[in-house]
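Protein chains in written order, with the numbering used here: chain H, 1 to 151; chain R, 152 to 302; chain W, 303 to 453; chain P, 454 to 604. Yeah, the Cβ is synthetic: ideal placement off N, Cα and C, and Gly gets one too. Quick notes on the structure that follows.
Number of protein chains: 4
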Amino acid sequence: MTDVTPDRVTAAYAALLTGDRAKITEYWSEDVRFHAPGQHRFAGWHEGLDSFLEYMTGVYVASGGSWRTDVLHSIIDGEHSVELVKVHAVRAGAKPDSTSPFDVLDITGAQVMRWEDGKVVEGTAGYFGDGATNANQWWSPVGPDGVRRDT
Amino acid sequence: MTDVTPDRVTAAYAALLTGDRAKITEYWSEDVRFHAPGQHRFAGWHEGLDSFLEYMTGVYVASGGSWRTDVLHSIIDGEHSVELVKVHAVRAGAKPDSTSPFDVLDITGAQVMRWEDGKVVEGTAGYFGDGATNANQWWSPVGPDGVRRDT
Amino acid sequence: MTDVTPDRVTAAYAALLTGDRAKITEYWSEDVRFHAPGQHRFAGWHEGLDSFLEYMTGVYVASGGSWRTDVLHSIIDGEHSVELVKVHAVRAGAKPDSTSPFDVLDITGAQVMRWEDGKVVEGTAGYFGDGATNANQWWSPVGPDGVRRDT
Amino acid sequence: MTDVTPDRVTAAYAALLTGDRAKITEYWSEDVRFHAPGQHRFAGWHEGLDSFLEYMTGVYVASGGSWRTDVLHSIIDGEHSVELVKVHAVRAGAKPDSTSPFDVLDITGAQVMRWEDGKVVEGTAGYFGDGATNANQWWSPVGPDGVRRDT
Numbered sequence: 001m002t003d004v005t006p007d008r009v010t011a012a013y014a015a016l017l018t019g020d021r022a023k024i025t026e027y028w029s030e031d032v033r034f035h036a037p038g039q040h041r042f043a044g045w046h047e048g049l050d051s052f053l054e055y056m057t058g059v060y061v062a063s064g065g066s067w068r069t070d071v072l073h074s075i076i077d078g079e080h081s082v083e084l085v086k087v088h089a090v091r092a093g094a095k096p097d098s099t100s101p102f103d104v105l106d107i108t109g110a111q112v113m114r115w116e117d118g119k120v121v122e123g124t125a126g127y128f129g130d131g132a133t134n135a136n137q138w139w140s141p142v143g144p145d146g147v148r149r150d151t
Numbered sequence: 152m153t154d155v156t157p158d159r160v161t162a163a164y165a166a167l168l169t170g171d172r173a174k175i176t177e178y179w180s181e182d183v184r185f186h187a188p189g190q191h192r193f194a195g196w197h198e199g200l201d202s203f204l205e206y207m208t209g210v211y212v213a214s215g216g217s218w219r220t221d222v223l224h225s226i227i228d229g230e231h232s233v234e235l236v237k238v239h240a241v242r243a244g245a246k247p248d249s250t251s252p253f254d255v256l257d258i259t260g261a262q263v264m265r266w267e268d269g270k271v272v273e274g275t276a277g278y279f280g281d282g283a284t285n286a287n288q289w290w291s292p293v294g295p296d297g298v299r300r301d302t
Numbered sequence: 303m304t305d306v307t308p309d310r311v312t313a314a315y316a317a318l319l320t321g322d323r324a325k326i327t328e329y330w331s332e333d334v335r336f337h338a339p340g341q342h343r344f345a346g347w348h349e350g351l352d353s354f355l356e357y358m359t360g361v362y363v364a365s366g367g368s369w370r371t372d373v374l375h376s377i378i379d380g381e382h383s384v385e386l387v388k389v390h391a392v393r394a395g396a397k398p399d400s401t402s403p404f405d406v407l408d409i410t411g412a413q414v415m416r417w418e419d420g421k422v423v424e425g426t427a428g429y430f431g432d433g434a435t436n437a438n439q440w441w442s443p444v445g446p447d448g449v450r451r452d453t
Numbered sequence: 454m455t456d457v458t459p460d461r462v463t464a465a466y467a468a469l470l471t472g473d474r475a476k477i478t479e480y481w482s483e484d485v486r487f488h489a490p491g492q493h494r495f496a497g498w499h500e501g502l503d504s505f506l507e508y509m510t511g512v513y514v515a516s517g518g519s520w521r522t523d524v525l526h527s528i529i530d531g532e533h534s535v536e537l538v539k540v541h542a543v544r545a546g547a548k549p550d551s552t553s554p555f556d557v558l559d560i561t562g563a564q565v566m567r568w569e570d571g572k573v574v575e576g577t578a579g580y581f582g583d584g585a586t587n588a589n590q591w592w593s594p595v596g597p598d599g600v601r602r603d604t
């Protein structure tokens, strides 16, 4: 049995960014279920690693690679971990000085994971404050002036 | 010059439902711009008839053909018309007795059109009450239980 | 009978700003019903002039007098008028350079009025684009950093 | 030093319901800060126990005493606890068979607490799925038909 530790949590998040499936499956089960909050195009239950990675690819494309999840603190107890995270991302193609919530995602929240045999099998997230609105706007196909985006 | 009349407004809405482009372009300019309100996947400015009809096709598919726009009243003055509309639609695949706002769209609002030479060249809409939220939820890929939809 | 005209519409909006009830009741019925869109503290049906004016007072206080409704265009037909409006307001106490939607309301929409004997007896509004979200955030008791406001 | 334990977490939640300040302050610091998510009238940072209890009173009044927070699981690590909670509440005055999100709050989420000397000093919450929208609607002064509530 593999214990959940802060290092293992950090490594799991880092693996996602590599895009290397062999690396990713060291930490994420092929059968992982993940629930993205909100109403946006990746919201809801992603069933299985393929669906989850499709969401991660979407994150990369929409943000032009700028998406950053900082784990501020890990709270670990038995098979559960909770990461207090800060997420910052700017929409690909946004004006550099934009402060619009349609361009800039700047939220904090809690990601709750359940682990089995050292791998994440289930996850969900909740955003603090009014972060849910920021996420819905950021993910929408609409830019600050109501123009539809290419990505 | 073709005057805007209640009959012409009614005919313009009816033409959309035929899917017959020759019929549609009697009432809608090839260069029509239409702004769908909200954050959902068809929100924002649709530039040109092709983009607008793509939205109309999306309406048809997502609702399984159940989408119904009733024009309650037309207010016409010069080149502008405003339709007070009631929209009702049920998501394809919804349980027949569902009352969830993710399944059932039931809103009223105002559609504002500008006409030139008897054809709509620009339109936008605003929903009354909390209809914007209902529309965002209905259009989201998430069903009442957080399960992602096929359509 | 008093016809609805663009001048009368303009005068009705201007009367609201005077705070002078005798002036206001030249254009607004004592029995006016007005539906403010959204989820915020003044959302929903205001029944009667007292409730409507309470909302107008709330507008004044929350905006520190900065609320401005510009009527871009009036569309008038029989007993109905529709005003295409642009609303701009900054929350009292906001930092001067704030661009946060919690501080700055910047929306367009349609206000639909029904008139009898030259007075508004019923009104409702719908916001274009994602204005409903801006209005809900602006009216919330939360500032840009999640701090609760005094007003 | 008092360790945070599942029993202590359960007791802290139970104390809130007693309305007995002596009991409450066994578990909640006089200086507690709590951040309620969303845009609604109790959203944002509540600074100090008085503000937090005002929120709790609001919960009681708006729900006519029906508000129920079930702690599904506690995750505890050092000075932090995270409660996975299910909240169910019906608005006072709602029709008994209402399924409207304006009447029925039915959400899950994570409440994150920081403890010092056995007392909660800081807390925040994030809702899973589209719970943020349900909470904003439930707390709004608007009922299912757009009628403003008395409470």
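Through-space distance from residue j to residue i, alpha-carbon basis
i: residue 148 of chain H; j: residue 196 of chain R; result: 6 Å
i: residue 523 of chain P; j: residue 508 of chain P; result: 18 Å
i: residue 267 of chain R; j: residue 159 of chain R; result: 13 Å
i: residue 421 of chain W; j: residue 265 of chain R; result: 27 Å
i: residue 137 of chain H; j: residue 288 of chain R; result: 13 Å
i: residue 290 of chain R; j: residue 43 of chain H; result: 12 Å
i: residue 385 of chain W; j: residue 143 of chain H; result: 26 Å
i: residue 217 of chain R; j: residue 282 of chain R; result: 18 Å
i: residue 329 of chain W; j: residue 353 of chain W; result: 16 Å
i: residue 10 of chain H; j: residue 96 of chain H; result: 30 Å
i: residue 314 of chain W; j: residue 326 of chain W; result: 7 Å
i: residue 47 of chain H; j: residue 208 of chain R; result: 28 Å
i: residue 598 of chain P; j: residue 204 of chain R; result: 32 Å
i: residue 370 of chain W; j: residue 475 of chain P; result: 49 Å
i: residue 467 of chain P; j: residue 14 of chain H; result: 39 Å
Integer-rounded CB distance, given that residue j should sit under 8 Å from residue i
i: residue 426 of chain W; j: residue 337 of chain W; result: 4 Å
i: residue 29 of chain H; j: residue 87 of chain H; result: Contact flag wrong, Cβ pair sits at about 23 Å.
i: residue 366 of chain W; j: residue 437 of chain W; result: Incorrect: roughly 17 Å between the Cβ atoms, too far for contact.
i: residue 101 of chain H; j: residue 443 of chain W; result: 19 Å between Cβ atoms; not a contact.
Check whether residue i and residue j have beta carbons under 9 Å apart
i: residue 16 of chain H; j: residue 32 of chain H; result: no
i: residue 261 of chain R; j: residue 280 of chain R; result: no
i: residue 284 of chain R; j: residue 586 of chain P; result: yes
i: residue 223 of chain R; j: residue 210 of chain R; result: no
i: residue 263 of chain R; j: residue 232 of chain R; result: yes
Run of the alpha helix (DSSP H) containing residue i, from where it starts to where it stops
i: residue 463 of chain P; result: 459–471
i: residue 57 of chain H; result: 49–62
i: residue 325 of chain W; result: 323–326
Where the beta strand (DSSP E) through residue i begins and ends
i: residue 586 of chain P; result: No beta strand (DSSP E) contains residue 586 of chain P, which is instead part of the alpha helix (DSSP H) from 584–592.
i: residue 336 of chain W; result: 330–338
i: residue 569 of chain P; result: 557–569
i: residue 219 of chain R; result: 219–228
i: residue 390 of chain W; result: 382–392
i: residue 2 of chain H; result: Residue 2 of chain H -> no beta strand (DSSP E), and no H or E assigned at all.
i: residue 123 of chain H; result: 119–127
The ligand MN heavy atom lying under 8 Å from the CB of residue i
i: residue 228 of chain R; result: For the ligand MN, the structure offers nothing, since it holds no ligand at all.
Quiz item: Is the region 524–531 of chain P touching the region 454–462 of chain P, taking contact as three or more C-beta pairs under 8 Å?
Solution: Two segments are said to touch when three or more pairs of C-beta atoms, one from each, lie closer than 8 Å; by this definition the region 524–531 of chain P touches the region 454–462 of chain P.
Quiz prompt | Inter-stretch contact (C-beta, 8 Å, three-pair minimum) for the region 407–423 of chain W and the region 385–393 of chain W | solution = Counting Cβ pairs under 8 Å, three or more are found: they touch.
Exercise. Evaluate contact between the region 318–329 of chain W and the region 281–301 of chain R, counting only Cβ atoms and requiring at least three cross-stretch pairs below 8 Å.
Key: Counting Cβ pairs under 8 Å, fewer than three are found: no touch.
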